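Numbering (the working numbering), first residue to last: -2 to 80.
Below is the structure:
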């Protein structure tokens, strides 16, 4: 029972980590790539900030959709048990 509770907690809140990484990566891109370009300097950075940000936000969004689906199924089953 304790393992099931831990899995539900990770499922429910775990999506925040990849979304946070994506948003942080976007702001890093703005700081290290965009700001210097606006000042006329073209940095040679090889890390794909925007690609990584998009992938992490996509992973977090899919994770959130799965978490919502699981909770909807649990609530639906709980409501139907009472009838």
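Beta carbons: idealized from backbone N, C-alpha and C, even for Gly.
All of these numbers come straight from a predicted model, not from anything done at the bench.
- By alpha-carbon distance to residue 62, the top candidate from 12, 37, 78, 27 is 12.
- A check of alpha carbon separations from residue 44 across 72, 22, 2, 79 identifies 22 as the nearest.
- Listed in chain order, the non-local C-beta contacts of residue 30 below 8 Å within the same chain comprise 40, 42, 46, local neighbours out to five positions each way being set aside.
- In this structure, the beta-carbon distance from residue 9 to residue 64 falls below 8 Å.
- Between residue 15 and residue 60, the beta carbon gap of about 7 Å places them in contact (Cβ cut-off 8 Å).
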